[in-house]
Each structure stands twice: as C-alpha cells, then as structure tokens.
Ligand SMILES: Nc1nc2c(ncn2[C@@H]2O[C@H](COP(=O)(O)OP(=O)(O)OP(=O)(O)O)[C@@H](O)[C@H]2O)c(=O)[nH]1
Ligand SMILES: [Mg+2]
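Structure representation (structure tokens):
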C-alpha cells in the first residue's frame, strides 16, 4: 500500500502527493514507508530557503520568485516549483494560523506549482525533521525548485539554512535603526541578502549597512555585483572560506522589481556550488543532519516506550527535592530503560 | 505512532467580490486557539482557487464565508470541484448571510454546517471537532 502510494507520487498524482505530505507531517508509519520508497528518487532539486523578520515581504517575494521560475526569459521549459511555507505553532494552544498563501494568489491555477503550508509544531527536532521530509517528497515528485519560507527567528532559521542549498535572508527598511535590525550571525546563513521594500524610505541605508557588514567580513572583496553574476575572487580573501560573497540585492516584491537579478544570483550560486565540491558537501551535511535528528527522536521515543511513567515521576520528584542530581537521574533513567 | 501530531486542518476562504473578512478572521483565530491549524487564503476566492488550496493543504475542513448572496451557485460548484479532485471527504462549513429558506437545500447538497452572524465560535469549534472525529 505505501509502495503504491509512493508510485502514485512519482507518477505525479496530486492527491497522492498531498496525502503523502500529510502522512509524513504526522510522522505516521505509512509516512515513513512512503519516504523510504521515495528516497532513491531524491537529490535532484534546488532547495532555496527564504527567511527574515516577520512582515519583511518573504511570501510576496516567494510569489514573484515562483512566477519568474515559471516564465523563463529565454523560453526554456520551466522547472516545476514547490513551496513549503512554515509558520509558528502557538506554544499555548498548539494551533496555528498559516497565512502565507494570501500573498501567493498569482500562483493559483498553474499545475507546475504546489504550495504547502506547515506549522512548526515545535516537537523535538520537529521542524527540521518534518520539513526535510516534505521537501524530499517534492524532490522525488519531480519539483526541481523547492522554496522553503520560514520566519527568521532562532532555531527555525538555522534549520532552514542547513536544509537549503541557497539561503536568502530578507531585510526591509524602516524597521527602526538599520544596524540593530540586522542580526549578528546573518552572514553565516545568508547566501544572498535581499533588501525588500526598496520603494520605501531608508532602503539605501539598509543596503549600505549590509554592504558595510559584508566588506568587513570580506575586506579584500570587490564591490558586490548588482547583476548577481558570480565574481572572481581570491578564496584567501574570503573569510567564510568557501569563496562565495553574498550578493546584496534591492527588490520590490509587490511590483517584481529586482526579481530577475535575484534569479540570476540564485543561478550563479547553484553554478558556484556545483563547480566546487560545495554542492556535494552541503548534501552530505544535510543528510548527516537529518540522520542525527532522526536518531535523536527515535532514541527518545524508544526510551519513552520502555520506561514506566512511575519510575520517571519518582526520579523527577527526587530531583526536585534535591535528593538526586539531574545528571545521576539521567544515568538511572537510561539504565532503567535498558537502552 | 505519533497520533498526538494529528491536527485538524481548516482552510478559511472568503468567496465573492464583496468587502471585508473580519468575520473570517475572528473564526480563524478562534479555531487556532482551539488547537487547529488554520490556512487563511484571503479575499475574493473563486471555487477553483478554494479547491486547489484545499487539495494542496490536504485540509479536513473548508470554512467558507459568503456575504454576497451567491451561495446557491458557489456552493454546488465547490462541492462538485472537490469531488472531481477526489476530496469527497472534505467537510464544508458556511458562514455569512444565508437566508433560512436556502439552508435545507444546502445541507442536502452536503454542507456540514451553516452559521449566521453572531454564532458563538464555540459552537463552530465543537461542530468541526465532531465532524472530524
Ligand atoms: N511597499 C512594499 N510593500 C511590500 C513589499 N513586499 C511586500 N510588501 C507588503 O508587506 C506586507 C507583508 O508581506 P508578506 O509577504 O506577507 O511578508 P512576510 O515576510 O511573508 O510575512 P510573515 O510571513 O508574516 O513573516 C504585505 O502587506 C505586502 O503587500 C514591497 O516590496 N514594498
Ligand atoms: Mg509570509
């Protein structure tokens, strides 16, 4: 049954695809078997992460990006585009409002596009594991471009950057002091920096602030190319050590301005990854990451099944009374579970 | 395994060309607060757009707000399109201004619940939970 289901996904049946995504999101046994059957067919897609502060225009930008991919300027056959839009689950109620589709209305009616919203659900390793799973289904189903949108906050941002081949960090002017809105660590995850809402006052300042930050990280680097072409640079001058200096691009997602440059920059990044061994390296890292997350989750759930709640509660009570240290408790609980 | 992860997924759509979506947003928030995952699609949704979104999001429930009076044409069309996509098991709930005399016909067509202005969100939540058991 799961094998037939996987075959239907490979055949491009949209109902089978959407039901597979649900099974995997819900982490069911059938979902795992579907993934198992699909896994040999994965590894072809270009995974693009889009992250940034709330309201910077990520969904509007994704809408434009998908449109651009679907209408190549050179008239070649367009790639199929899948979008995974992640929004946070409310920690208080477990519910979520997933509103990214509102900005992606232009994409309806195109059978070469599939948009799936998902809530972060916040379980252990949940976002990373489930998102990676959904992405693998789309990959196997033949979507060559997979765009993952997530709000740039904490772990989610890092998870997406690890998952994607190319990560776009979206900034917008007018969020207050430019320097403060630009978070430390951004350069570690951004392959491309976009200043969206460039029609708004202050865009020049934000662009300048980002370019200054970059030139500090890459002191010898020539100025960033506006047209997204890959620059020749000496890898010794590149402090991130991989030879890629992020482009800084202004866009207006509501009108589409700057989108062609963004697409060329993404293409340049992919060419760059593939011409070095970085593509392979990122793939390896990604799979290692997935394996470790799965292992962690599986070990924990196995442990949970094999230990009686009473023993756990008793240990917890002792820790709370400070009769037992948490470290010792962990030792005993693991031994008690016979792992 | 992992049954605690199964969430009720609801698509909230506003059909027709008229005005605002305040009511739809209030319902969306109430459903979220009841622990559901609510996919909000915005204004001016056509039956085709609603069906496509329902398929892609694999929702249990479509919650449709219609203020325009076009429910007798929109609802049969949406139900037909859902069926064509193999989404026969998707429940359809209606909100908005639906005259009493149209309700029996809509229920016969397969609508699961109809809610006028002023319905308590608790009623809607309970009906959805019951329909999704
Ligand atoms: N002026 C201007 N407004 C924009 C631009 N891009 C997006 N917006 C508007 O900004 C608002 C937020 O856009 P979204 O695309 O929903 O932003 P987002 O980053 O996806 O938001 P979250 O997913 O909630 O974090 C909407 O009202 C958009 O119309 C732009 O380039 N210029
Ligand atoms: Mg968004």
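Protein chains in written order, with the working numbering: chain A, 2 to 340; chain B, 7 to 139.
Beta carbons: idealized from backbone N, C-alpha and C, even for Gly.
Source: prediction; values computed, not measured.
Cross-strand partners of residue i (DSSP beta bridge)
| i | result |
| --- | --- |
| residue 88(A) | 120(A) |
| residue 52(A) | 151(A), 170(A) |
| residue 97(A) | 43(B) |
| residue 47(A) | 146(A) |
| residue 115(A) | 83(A) |
Where the alpha helix (DSSP H) through residue i begins and ends
| i | result |
| --- | --- |
| residue 102(B) | No alpha helix (DSSP H) contains residue 102(B), which is instead part of the beta strand (DSSP E) from 97–102. |
| residue 316(A) | 310–321 |
| residue 30(A) | 30–39 |
| residue 274(A) | 260–276 |
| residue 135(B) | 127–137 |
| residue 338(A) | From DSSP, residue 338(A) is part of no alpha helix (DSSP H); its letter is neither H nor E. |
| residue 190(A) | 187–190 |
| residue 199(A) | Looking at the DSSP string, residue 199(A) is not in any alpha helix (DSSP H), and its letter there is neither H nor E. |
| residue 65(A) | 59–71 |
| residue 27(A) | Run containing residue 27(A): none; DSSP gives neither H nor E here. |
| residue 307(A) | 279–307 |
| residue 3(A) | 3–11 |
| residue 215(A) | 204–218 |
Closer than 8 Å: residue i CB and nearest ligand 1 heavy atom
| i | result |
| --- | --- |
| residue 60(A) | yes |
| residue 88(A) | yes |
| residue 107(A) | no |
| residue 256(A) | yes |
| residue 171(A) | yes |
| residue 57(A) | yes |
| residue 29(B) | no |
| residue 253(A) | yes |
| residue 45(A) | no |
| residue 157(A) | no |
| residue 201(A) | yes |
| residue 50(A) | no |
| residue 53(A) | yes |
Residue i beta carbon near ligand 4 (any heavy atom closer than 8 Å)
| i | result |
| --- | --- |
| residue 198(A) | Ligand 4 is absent from the structure shown, which contains only ligand 1 and ligand 2. |
Unbroken beta strand (DSSP E) run spanning residue i, endpoints
| i | result |
| --- | --- |
| residue 119(B) | 117–121 |
| residue 251(A) | 248–251 |
| residue 344(A) | Residue numbering for chain A in the displayed model covers 2 to 340; residue 344(A) lies beyond these limits and cannot be assessed. |
Residue i: CB within 8 Å of a non-hydrogen atom of ligand 2
| i | result |
| --- | --- |
| residue 209(A) | no |
| residue 262(A) | no |
| residue 150(A) | yes |
| residue 104(A) | yes |
| residue 100(A) | yes |
As an exercise, report each continuous beta strand (DSSP E) stretch of at least 3 residues that is fully enclosed by the segment 10–77 of chain B, in chain order.
15–21, 43–46, 67–72
With 8 Å as the C-beta to C-beta threshold (strictly closer), list the residues of the segment 94–105 of chain B near chain A in chain order.
none
Would you list, in chain order, the members of the segment 36–63 of chain B that have their beta-carbon closer than 8 Å to a beta-carbon of chain A?
37, 38, 39, 40, 41, 42, 43, 44, 45, 46, 47, 48, 54, 55, 58, 59, 61, 62, 63
Taking only beta carbons into account, state which residues of the segment 105–117 of chain A come closer than 8 Å to chain B, listed in chain order.
106, 109, 110, 115, 116, 117
Going along the chain, which residues of the segment 67–98 of chain B sit with their C-beta nearer than 9 Å to a C-beta in chain A?
91, 92, 93
Members of the segment 286–305 of chain A near chain B, C-beta cut-off 7 Å:
none
What residues from the segment 59–93 of chain A come within 7 Å of chain B, judged by C-beta to C-beta, listed N to C?
91
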